[in-house]
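In terms of the numbering used here, the sequence shown opens at residue 1407 and continues consecutively. The beta carbon of each residue, even a glycine, is placed where N, CA and C say it ideally should be. What follows is a single structure, written as structure tokens, with notes after it.
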Amino acid sequence: MKDLSRRSFLLSGSLVTAGLFIPGGLFAGWKLEENKALAFPHFPDALHTFVWRNWHLVPLPKIARVVNAQPAEILALGKAMGLPAPPVISEEQQQRSYLTVIRRNWHLLPENQLLQLLGWTKEKLDFTLQEDDFFFIKLGSSKPDCKPLVYRSPGDDARRRVEYIAALIREEFGGGYPAQQEPLFSFVNQLSEPPARKRERHSGFSPRFGYAYFALFGDPLLDPGIDPYPDGYLERMRAAGMDSTWMHIVLSKLTPFPWNPEVSESWERRLDNLASLVQRAKKHGIGIYLYLNEPRFQPLSFFKEHPELKGVTIGNQAALCTSHPAVQQYIVNSIAMITQRVPDLAGFFSITASENFTNCWSHGRGAECLRCGPRGAATVIAELNNLYMQGIKKGSQLHKPGLIVWDWGWQDAYAPAIIPQLPAGAALMSVSEWALEIERGGVKNTIGEYSISAIGPGPRAKKHWALAKQHGLKTIAKIQAGNTWEIAAVPYIPAVENVAQHAANLKKEQVDGLMLGWTLGGYPSPNLEVVAAMGSDAASTPLSAMQQVAASRFGAAGNAVVKAWQAFSTAFKEFPYHSSTVYFAPLQMGPANLLWQQPTGYAATMVGLPYDDVKKWIGNYPAPVFISQLRKVSTGFNEAIRTLKQEVAKRPLQKTEKASLLREIDVAQVVALHYASVANQVEINTLRNQGAGKENRTLIGLLEDEIRLAKELVHIQLRDSRIGFEATNHYFYTPADLVEKIINCRVLLKEWLLA
């Protein structure tokens, strides 16, 4: 997750700047002024909530052990609420869903019971919260105070409320809890199979690299049992127009850390696994890039033995000062070891001013370092990238691995001084749409990144690319071709014309290569294919590229799908973009986000827990304008879907083409459902905050509509396991969460409005 606005948020957040990520326990000493765990009054108690939320994700015996119960007792609780027979949950599913499990139990379990549920050590939980794409920040940078959860036989009141829930489910779903047609994570097996037709997408853009759709983020090279790149998926990546992918690494985990070897335990296994992966991916025409965000800050205790290495101090950590010769040698030698042992690595890309604390200037405080302060930010950052390149060349006699320098987080004054000092042979990467000015509903804003609703490139990227070209560097555009935080709960956003036009603009700019997305957007989608097609001579316009891709995917329905993509794209341009909106609004949760009779008091978190924080959701938009803009997008998608269905009904389709078309329609429908629900939620919470309550007809209608949207979405997710999933969040929601939302709304209607 990268965005300048997010950077500003992080730098201003006291919990983060005070040194949040420290060995020995993330939770120790960190509490909000009011950090009471939320209650969920639509369930009888926390125990029933716990059983409901873990029923489809954690084996029944493990659920029982956590609360000191017998499996039969937990089974009875679940069946009484109307839940189906507990599914068989494989070890692989548990390893792929741990973030979903953590998030749904964050307000239910204290830390020791959360560890028991996961079957983890405290050290593993701390590492995950820090390194899994800043997951602790997504959870609000604080653990709510949860009382220990212990099984007790339900009393009379609990039994009456459980009977109401079971009856409600029978009423809403015509007899009982809806059946799962495509189990969670089924897409992993689907995408692990080779594509039915092998296609080779040639393109003038190179590299074209993005993240794997279902790769684990934190420490993916340690456990080869969960393969982030099955052979079939590698073939699908290539067929979709990608020529490479990227992985997150921590340098001290992949190579020996000279000052504390224990930190690097199992580094040889990780490096061997990387070498094997690179060779296997190469056979399918896919290169591997590694993400360099180094060197990481160390705890202050580390510098008691190595005071000479200490740079800027932030909270309970300090930088390994990159102006010190020993640190420079560590960086060069570590990267040299990687490239020496893995010579066919495609390369590295670096971020030198990210959310992580790395070099002394990484968070703009380098003046506090006696070495780095006088040298200035530009010199230190440029030197660090030169050290990376020295390591690459030292380790690889072929000089094959490349270095892509990302300007993310650089202050405006840095770039003109950094770029001329970058190493020969490097490439400069900029976020394409950054600094684009937009106006939606009469409200003006500037794009940060993660936008398909706005079409780049913007002025910042153009300026930086021009300077890079003057100094002989290649240029890379970072875009989001598949999806964005505008909505990441779908495998791709079918606003394909916007994506195609963006690629056409970059072709005109003579950009060399593309980063196709951060951790989201790696699904082998028509979007990726269209981008690759636009880079070739065979597709000279966005329309011809879309027609080419649509014909190969949908046969006789191709032209109708292209018209739908154009309509989706027009509607998507109405999205009320604001940096606060894309990170904090319930765009990813949609109808699964719960409603509250009273304000929760919790602030929305970064693509994690939206709560009811309307002010943060809407950014600088007045609530009526925000609602209107989302409804424009939702209505536009729904109208395009209706037209598409009418058009394709006139044409005979092959079985595979029809199946692809139905899934395409489902993806578009999910976008419409999410945005309609977010508009509802803004209106509901605004009315609630204004004091609306009993028998308010507008609120009643909105709650009833939330039930309708949740029901529509649950049936789509039950037949399409891709819905709700993203690599660094796992499932934002599951069908059980959507059914819970229906219960939530029905209880509010009964107890809040109609009592």
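In this structure, Val1937 places its C-beta atom within 8 angstroms of the C-beta atom of Ala1887. By a beta-carbon distance limit of 8 angstroms, Glu1892 contacts Ile1899. Their separation comes to about 7 angstroms. For Ala1445 and His1513, the gap between their C-alpha atoms comes out near 8 angstroms. Along the region 1577-1657, the beta strand (DSSP E) occurs as fully enclosed runs of 3 or more residues at 1614-1616, 1650-1654, listed in sequence order.
The beta carbon of Ala1966 is closer than 7 angstroms to those of Leu2050, Glu2053, Val2054 in its chain, skipping five residues each way along the sequence. Judged by DSSP secondary structure, Phe1755 falls within the beta strand (DSSP E) whose first and last residues are 1753-1757. Secondary structure remark: continuous alpha helix (DSSP H) runs of at least 4 residues inside the region 1437-1467, in chain order: 1452-1460.
Taking C-beta atoms as the reference points, Leu1834 and His1870 count as a pair closer than 8 angstroms. By the C-beta density criterion, His1608 is exposed, having fewer than 16 other C-beta atoms within 10 angstroms. Comparing C-alpha distances from Lys1659 to each of Ala1894, Gly1717, Glu1537 shows the shortest one belongs to Glu1537. Looking at the DSSP output, Ser1836 shares a beta bridge with Ala1883. For Leu2000, the three-state secondary structure derived from DSSP is coil. Listed in chain order, the beta strand (DSSP E) runs fully inside the region 1697-1783 are 1716-1720, 1723-1726, 1753-1757, counting runs of at least 3 residues.
The three-state reading of DSSP puts Leu1949 in helix, counting H, G and I together. Around the beta carbon of Gly2099, fewer than 16 other beta carbons lie within 10 angstroms, which makes this residue exposed. Nearest C-alpha to Gly1831 among Lys1880, Leu1790, Trp1814, Ala1784: Lys1880.
If you look at Asn1851, you'll find it in the beta strand (DSSP E) that goes 1849-1852. Assignment of beta-bridge partners to Phe1663 by DSSP yields no partner. Going by beta carbons, Ala1752 and Trp1767 fall outside the 8 angstroms limit.
Under the DSSP assignment, Glu1843 falls in the beta strand (DSSP E) whose first and last residues are 1843-1846.
Taking C-alpha positions only, Gln1827 is separated from Asn1791 by approximately 9 angstroms. Close CB contacts of Asn1460 within its chain, under the 8 angstroms cut and outside five residues either way in sequence, are with Ile1469, Val1507, Arg1510, Asn1511, Leu1523 (chain order). Check the Cα spacing between Gly1638 and each of Ser1598, Ala1645, Trp1665, Lys1604: the tightest is with Ser1598. For Ala1645 against Arg1605, the beta-carbon gap comes to about 5 angstroms, under 8 angstroms, which counts as contact. Look at Val2013 here: in three-state DSSP terms it is coil, with no helix or strand label. Under the DSSP assignment, Trp1812 falls in the beta strand (DSSP E) whose first and last residues are 1808-1812. At a Cβ-Cβ threshold of 8 angstroms, Trp1673 and Ala1759 do not count as neighbours. Taking 8 angstroms as the cut-off, the beta carbon of Ala1443 is found closer than this to the beta carbon of Cys1552. Arg1576 and Pro1600 have their alpha carbons spaced roughly 41 angstroms apart. Taking C-beta atoms as the reference points, Ile1543 and Met2012 count as a pair closer than 8 angstroms.
For Leu1934, the enclosing alpha helix (DSSP H) starts and ends at 1932-1940.
Counted as a single uninterrupted DSSP element, the alpha helix (DSSP H) harbouring Gly1964 occupies residues 1964-1978. As for any alpha helix (DSSP H) of minimum length 4 sitting wholly inside the region 2015-2088, the runs are 2020-2024, 2029-2054, ordered along the chain.
For Leu2036 against Ala2078, the beta-carbon gap comes to about 10 angstroms, at or over 8 angstroms, which does not count as contact. Beta-bridge partners assigned by DSSP to Glu2146: none are found. Ala1894 is classed as buried because its beta carbon has at least 16 other beta carbons within 10 Å across all chains shown.
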